[in-house]
Structures are given as structure tokens and as C-alpha cells.
Amino acid sequence: LAALVDDRRADVLRDTAGLARGDVVDDDGRPVPDAPYRGNRRLYYWRHLDTEPAVPFEARIVFQDEHLLVACKPHFLPVTPSGPYVNECLLYRLRRQTGNPDLVPVNRLDRETSGLVIVAKNERAGKILGKQVLRREIAKEYVAICWGTVDQDNGVIDQPIAVNTQGTVYTKRIIHEAGKPSVTEFAV
Numbered sequence: 001l002a003a004l005v006d007d008r009r010a011d012v013l014r015d016t017a018g019l020a021r022g023d024v025v026d027d028d029g030r031p032v033p034d035a036p037y038r039g040n041r042r043l044y045y046w047r048h049l050d051t052e053p054a055v056p057f058e059a060r061i062v063f064q065d066e067h068l069l070v071a072c073k074p075h076f077l078p079v080t081p082s083g084p085y086v087n088e089c090l091l092y093r094l095r096r097q098t099g100n101p102d103l104v105p106v107n108r109l110d111r112e113t114s115g116l117v118i119v120a121k122n123e124r125a126g127k128i129l130g131k132q133v134l135r136r137e138i139a140k141e142y143v144a145i146c147w148g149t150v151d152q153d154n155g156v157i158d159q160p161i162a163v164n165t166q167g168t169v170y171t172k173r174i175i176h177e178a179g180k181p182s183v184t185e186f187a188v
């Protein structure tokens, strides 16, 4: 299996203790033995952490209906499991709070960012909302705290942005000629 995935994930499949513990499962939740991979099969790896940083801030649900909910995510809480965070993420907290294991976030915010996250309550809603996000039919607005002097009250920044590979925050974006096209309207 490890030969079929990129280097970032290959270490997961070399975790023979994890395979023996049953941490790699199929769609039905059945443990996958250390055997040759069969095509068109989805596998899930459950990570175990000895310690996980606690995020002391709480999310709150600000809207919900039968298809979706909108949660106000606090800063420093990741939306989904990543890095040293597995259970301390918005998704797992909401699943525990609502009792709905089918919740899927539709949009994401960086761990350091607070704001609204749309969460689908079922697969059908997730597909519909996901397509709306891809087609940019859901508007997003960000509020930022900045320092320095702004010469104008509003404007448009039309510059390519890329991930800052030199920074301490992986997802921080910078203006860079090799980046993707980006247009940002701003008002002070």
C-alpha cells in the first residue's frame, strides 16, 4: 500500500503497529490487513496521539435547518483534524454536540482564523453546497486587523497569491508572481 501513496502519507501505511491495531479500515469500518491493495477501494487511517493540545475556545451554532448548520469557529480551533489536532477540531466537536456523524464542512478557515463555517448535515447537502462553493455562488467576506497606513478608503488588489513557504504558518499567503490569480476588494 505504501508504494501507492505520496511520501507524506506513506509513513502512515508503514505503521505496522497501526495496521495490527486495526487503525486502517475500509468504508464499512472493517480493519484492513497488511495485504496487497485492491483498486477502487477507500481506506481510512485513525491516528492516535499520546497528547493533544487543548483549545479552550468554544464554537457555537448560529443557524441550522434540516440540511446544514452554520457554526462560528473560534480562533486556534482547526476545522478538521490536522497536525497535532484530532479530537480538538470543529468537525468532531460538532459531531459530538449534534450526535450527527454525517456532518461535513463545506468551507474551511485557517486554524488561526475565527469566523463562520458552513457544515452539511448529509451527503446530498454536502454535494450541492460543495458545487456552489466551487462555482463561487457562495460569497465570502473577510475582516482583517491590519497595521500601517492605508492611502485610500477602498480599492481592489489584483495580484497573484501563493503559499508562503518561508513562514511559520503553512497556510499564510503572500503576493508572488508564481501564485494563482486573486482579486480582493477592500474597504477601510
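Numbering of the sequence shown is given in my numbering, commencing with residue 1 and proceeding in unit increments.
For glycine and all other residues, C-beta sits at the position ideal for the given N, C-alpha and C.
Just so we're clear, the structure is a prediction, and the values are computed from it rather than from any experiment.
Select from the options the residue whose C-alpha is nearest the C-alpha of residue i.
i, options, result
"His67", "Arg111, Val24, Ile118 and Pro81", "Ile118"
"Asp27", "Asn87, Val55 and Arg42", "Arg42"
"Gly130", "Pro105, Lys172, Arg93 and Glu112", "Pro105"
"Phe57", "Glu137, Lys127 and Glu88", "Glu88"
"Ala120", "Arg136, Glu137, Val133 and Asp102", "Asp102"
"Pro53", "Thr98, Leu94 and Arg111", "Arg111"
"Gly29", "Asp158, Ala20, Tyr45 and Ser182", "Tyr45"
"Pro160", "Gln152, Thr149 and Gly179", "Gly179"
"Thr51", "Gly83, Asp153, Val25 and Val188", "Gly83"
"Gly155", "Asn40, Tyr142, Val188 and Cys146", "Val188"
"Lys140", "Asn100, Asn40 and Asn107", "Asn107"
"Phe76", "Asp65, Val55 and Thr165", "Val55"
"Pro81", "Ile145, Gln97, Gly39 and Arg47", "Arg47"
For residue i, which residues from the same chain have a beta carbon less than 7 angstroms from its beta carbon, with the 5 sequence-adjacent residues on both sides left out?
i, result
"Lys73", "Ala59, Val79, Leu90, Leu109, Ser114, Gly115 and Val117"
"Asp100", "With the sequence shown as reference, residue 100 is identified as Asn, and Asp is not the correct amino acid for it. Correct list, in chain order: Lys121."
"Ser182", "Gln159, Pro160 and Ile161"
"Gln132", "Ile138"
Less than 8 angstroms between C-beta atoms, sequence neighbours within five positions excluded: which residues of the same chain meet that for residue i?
i, result
"Val22", "At residue 22 the sequence reads Gly, which differs from the Val that was named. Excluding positions up to five away in sequence, the list reads Pro31."
"Val62", "Val70, Ala71, Cys72 and Leu116"
"Phe186", "Asn154, Gly155, Val156 and Ile157"
Buried or exposed for residue i, please, with buried defined as at least 16 other CB atoms from any protein chain shown within 10 angstroms of its CB.
i, result
"Tyr85", "buried"
"Ala3", "In this prediction, Ala3 has a pLDDT of 48, which is less than 50 and means its spatial position is unreliable; what the coordinates show is noted afterwards. Exposed is the call here."
"Arg49", "The question names Arg, but residue 49 in the sequence shown is Leu. By the neighbour-count rule (16 or more Cβ atoms within 10 Å), Leu49 is not buried but exposed."
"Leu134", "exposed"
"Val143", "exposed"
"Val150", "exposed"
Closer than 6 angstroms by C-beta to residue i: which residues in its own chain qualify, once you throw out the five before and the five after it? Chain order, please.
i, result
"Arg8", "Because the pLDDT at Arg8 is just 49, under 50, the model does not fix this residue reliably, and the point stays unresolved."
"Glu123", "none"
"Ile157", "Thr184"
"Gly126", "Val104 and Ala120"
What are the boundary residues of the alpha helix (DSSP H) that includes residue i?
i, result
"Ala125", "Glu123 to Leu134"
"Arg41", "Careful: Arg41 lies outside any alpha helix (DSSP H) and carries neither H nor E."
Give me whichever residues DSSP pairs with residue i in a beta bridge.
i, result
"Cys72", "Arg60 and Leu116"
"Val156", "Glu185"
"Tyr85", "Ser82"
"Pro31", "Val25"
Between which two residues does the beta strand (DSSP E) holding residue i run?
i, result
"Arg173", "Arg173 to Ile175"
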